[in-house]
């Protein structure tokens with residue numbers, strides 16, 4: 023009960039329930055399986071005001087929640103809603119709002135007394151009659167008695183999900199808060215296993231192995247029980263483990279590495295037919311650095327658009343995502359003194375040097391960009407000026423000046439911009455971006471966020487590098503679900519967020535901080551723990567060096583899947599491509615395997631919208647078979663085999679996130695591939711022989727309505743021939759003999775067959 027009251031207090035910042043508006047309850051009120059269909063009743067009992075004719079009861083859900091659509095037209099369909107009343111002589115009318123993600127985003131922000139973060143879901147209005155105090159209205163969400171299917175619960179687990187209930191008792195359109203009704207959303211049946219180990223381990227050292235049971239929506243399956251067999255050569259492991267519901271879907275054991283090498287642990291539940299493969303683990307006799315994984319951008323309910331309490335979010339980061347370090351970056355303008363105290367206490371409780379590191383940070387919504395500000399110490403002041411103080415980059419200069427003053431007092435801080443607000447244009451400038459790196463401080467700003475739930479901001483990041491800025495890429499989630507480090511792509515998000523890998527001497531604030539300042543880090547997407555090491559003439563990523571001869575590059579990659587290619591970028595452009603495995607341009611097999619991916623960068627002109635990609639890939643001869651989709655992270659996306667010659671899909675894209683399909687195509691005569699996304703006016707006809715003879719083919723299409731944004735508003739299509747026997751591990755060297763100029767920077771970009779990527783910190787070379 024005390025915990026529920028704490029939850030309610032965190033949500034009551036939207037307003038205390040009005041004492042005369044009545045009460046609301048929800049049935050059933052127990053645990054709800056994420057994504058399952060069911061029926062729920064919201065019972066509203068009027069207060070002292072009763073309700074006049076024209077009055078209404080309205081239920082809102084959080085903007086980022088992906089509960090299913092409600093409707094009133096088809097009793098046999100999904101999400102059918104009925105309303106009832108304890109008083110007979112009344113007439114009711116029910117109105118519903120779609121939770122369609124495109125509608126939500128294109129109409130954002132949503133006005134109303136509950137702010138912009140709760141959107142209308144269903145409303146019942148008294149068309150005729152009135153209600154006396156104590157009368158009841160009942161909303162049946164997902165009515166099934168007429169043959170309906172119920173309504174789908176949200177697809178991500180949340181211990182304290184709430185519907186906001188409001189009433190307009192007078193019929194004037196003025197809604198007052200009644201209450202929040204709460205449900206606990208939990209993961210469903212296990213569909214796969216995950217195995218997590220440290221990325222680097224010393225030979226003979228004991229290490230932790232984490233086994234997780236996960237449902238089809240990436241939630242932990244808390245009721246899973248079963249016998250799991252662990253397999254890996256040259257590792258001392260338990261032969262099997264027995265997980266029960268008391269483990270709540272997560273089991274921890276230990277292992278010892280007997281030999282040096284690269285290992286991945288396989289976990290198999292033979293009875294249920296589910297399995298999982300662990301991340302790569304490098305075992306060495308002596309470690310130069312350890313590799314630690316973290317998420318430096320996430321939110322809790324202390325941010326008005328966030329979910330869950332700080333303690334729950336930090337617990338998720340440590341115990342579920344298995345992170346080494348994390349920072350809750352709540353919105354500065356929304357943190358009250360009480361919230362700040364709660365946040366600091368939670369940070370202090372969870373921080374444990376050598377085991378789990380928390381950084382105190384916060385997000386400042388600046389103009390024209392947003393920043394995350396972090397402190398090395400346990401706490402620091404919120405030094406940001408208000409938006410009304412000065413326009414444009416002047417505010418950023420004030421922030422950095424304040425942080426430099428704090429450093430003189432022994433309080434160290436760094437600032438990291440993140441990319442989701444960057445596309446806004448200057449009012450008078452066509453194609454001139456308001457957030458195009460107008461101000462930068464090399465000492466205080468060592469990195470920039472390149473990947474998050476919001477999208478991929480590689481082009482923006484590269485524009486900073488092109489200006490000569492020494493910045494490393496950071497991957498984060500910007501999670502608002504309360505799931506840092508392993509986030510969910512729900513209603514408001516279109517991709518699983520990233521991680522940051524940091525090479526440091528130890529798991530301590532001081533050493534992690536030093537490594538970040540030295541830019542000895544890299545970013546990955548989709549919470550993938552791809553291992554990347556990159557050096558030039560013996561100097562590691564992030565270094566700034568001076569050499570007189572050629573730049574000799576050494577790169578090592580250990581993937582979480584087959585590696586499609588590794589690109590060496592020089593000054594923002596691809597200078598060399600390494601193709602691991604047996605990538606043959608010719609195939610004697612009757613079928614060839616083709617990888618087709620597309621990405622839509624729709625982040626232009628302050629447009630916060632998705633690009634719906636209803637598309638098809640077909641062949642004119644022979645057959646085309648769907649093997650699997652690539653990076654279809656959002657639960658509403660799908661790819662399916664339409665017939666023996668055609669595959670179709672529905673995907674959502676924004677911010678350059680990648681989607682795709684892998685297909686087998688028969689080499690029948692002069693076979694051609696036809697690719698089409700009608701909404702983007704994209705149509706391609708490609709002879710299969712061209713795909714076979716080239717390792718990669720790429721096309722770019724400009725969105726006509728956003729042509730003034732140039733490359734910031736484009737759709738990119740890529741086709742390539744793949745060999746799924748490609749190596750998961752590769753080491754290569756490349757020598758750039760023609761450096762040219764007096765200054766160059768080199769980066770490493772890793773692209774796996776499954777669409778997951780890693781992007782290294784640059785090495786800056788003075789010639």
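Numbering (the working numbering), first residue to last: 23 to 789.
Note that beta-carbon positions come from the ideal geometry of N, C-alpha and C, so glycine has one too.
All values derive from a computational prediction rather than experimental measurement.
Output needed for residue i: all residues of its chain with C-beta closer than 7 angstroms, excluding positions within five of it in sequence on either side, in chain order.
i: residue 276; result: 228, 229, 230 and 231
i: residue 142; result: 80, 82 and 119
i: residue 273; result: 233, 263 and 265
i: residue 98; result: 168, 169 and 170
i: residue 484; result: 594
Of all the CB atoms in chain B, is at least one closer than 7 angstroms to the CB of residue i?
i: residue 68; result: The displayed structure is made up of one protein chain only, and chain B is not part of it.
Output needed for residue i: all residues of its chain with C-beta closer than 6 angstroms, excluding positions within five of it in sequence on either side, in chain order.
i: residue 49; result: 63
i: residue 238; result: 213
i: residue 405; result: 424
i: residue 451; result: With a pLDDT of 44 at residue 451, under the threshold of 50, the modelled position of this residue cannot be trusted; read the value that follows with caution. Excluding residues within five positions, none has a Cβ falling inside 6 angstroms.
i: residue 90; result: 101, 173 and 174
i: residue 605; result: Low per-residue confidence applies at residue 605: pLDDT is 49, beneath 50, and the placement is therefore not dependable enough to give any value.
i: residue 41; result: none
i: residue 339; result: 345, 348, 506 and 507
Suppose contacts are defined by Cβ-Cβ distances below 7 angstroms. Is residue i in contact with residue j by that definition?
i: residue 114; j: residue 146; result: yes
i: residue 559; j: residue 569; result: yes
i: residue 615; j: residue 693; result: no
i: residue 656; j: residue 639; result: no
i: residue 207; j: residue 342; result: no
i: residue 500; j: residue 319; result: yes
i: residue 588; j: residue 772; result: yes
i: residue 699; j: residue 650; result: no
i: residue 706; j: residue 723; result: no
i: residue 542; j: residue 525; result: yes
i: residue 222; j: residue 309; result: yes
i: residue 564; j: residue 358; result: no
i: residue 502; j: residue 178; result: no
i: residue 742; j: residue 718; result: yes
i: residue 781; j: residue 545; result: yes
i: residue 512; j: residue 474; result: no
Tell me which residues share the same chain as residue i and place their Cβ nearer than 8 angstroms to its Cβ, disregarding the 5 neighbours each side in the sequence.
i: residue 765; result: 490, 786, 787, 788 and 789
i: residue 466; result: 422, 425, 426, 435, 436 and 437
i: residue 375; result: 529, 530 and 531
i: residue 591; result: 597, 768, 769, 770 and 771
i: residue 226; result: 278, 279 and 280
i: residue 539; result: 436 and 468
i: residue 66; result: 44, 45, 46, 79, 158, 159, 160, 161, 187, 189 and 200
From residue i to residue j, what distance separates their C-alpha atoms?
i: residue 75; j: residue 120; result: 26 angstroms
i: residue 381; j: residue 348; result: 6 angstroms
i: residue 750; j: residue 521; result: 20 angstroms
i: residue 331; j: residue 461; result: 35 angstroms
i: residue 350; j: residue 321; result: 5 angstroms
i: residue 509; j: residue 548; result: 8 angstroms
i: residue 189; j: residue 87; result: 22 angstroms
i: residue 791; j: residue 253; result: One cannot answer for residue 791 here, as it falls past the ends of the chain, which runs 23 to 789.
i: residue 486; j: residue 459; result: 6 angstroms
i: residue 299; j: residue 583; result: 10 angstroms
i: residue 302; j: residue 620; result: 28 angstroms
i: residue 664; j: residue 200; result: 48 angstroms
i: residue 181; j: residue 269; result: 17 angstroms
i: residue 39; j: residue 696; result: 57 angstroms
i: residue 126; j: residue 761; result: Any reading at residue 126 must be qualified, since the residue scores a pLDDT of 48, below 50, and its modelled position is unreliable; the value itself is stated next. The straight-line gap from Cα to Cα measures roughly 49 angstroms.
What I want to know is whether the C-beta of residue i ends up closer than 6 angstroms to one or more non-hydrogen atoms of the ligand HEM.
i: residue 333; result: In the structure on display, the ligand HEM does not appear, and there are no ligands present to speak of.
For residue i and residue j, which I take to be in contact (beta-carbon distance under 8 angstroms), what is that distance rounded to the nearest angstrom?
i: residue 251; j: residue 290; result: 5 angstroms
i: residue 217; j: residue 203; result: That pair is no contact at about 38 angstroms.
i: residue 100; j: residue 170; result: 7 angstroms
i: residue 637; j: residue 748; result: Not really, about 26 angstroms apart at Cβ, beyond 8 angstroms.
In the structure shown, what three-state DSSP assignment does residue i receive?
i: residue 591; result: strand
i: residue 617; result: strand
i: residue 710; result: helix
i: residue 334; result: helix
i: residue 220; result: coil
i: residue 229; result: strand
i: residue 748; result: coil
i: residue 651; result: strand
i: residue 686; result: strand
i: residue 359; result: helix
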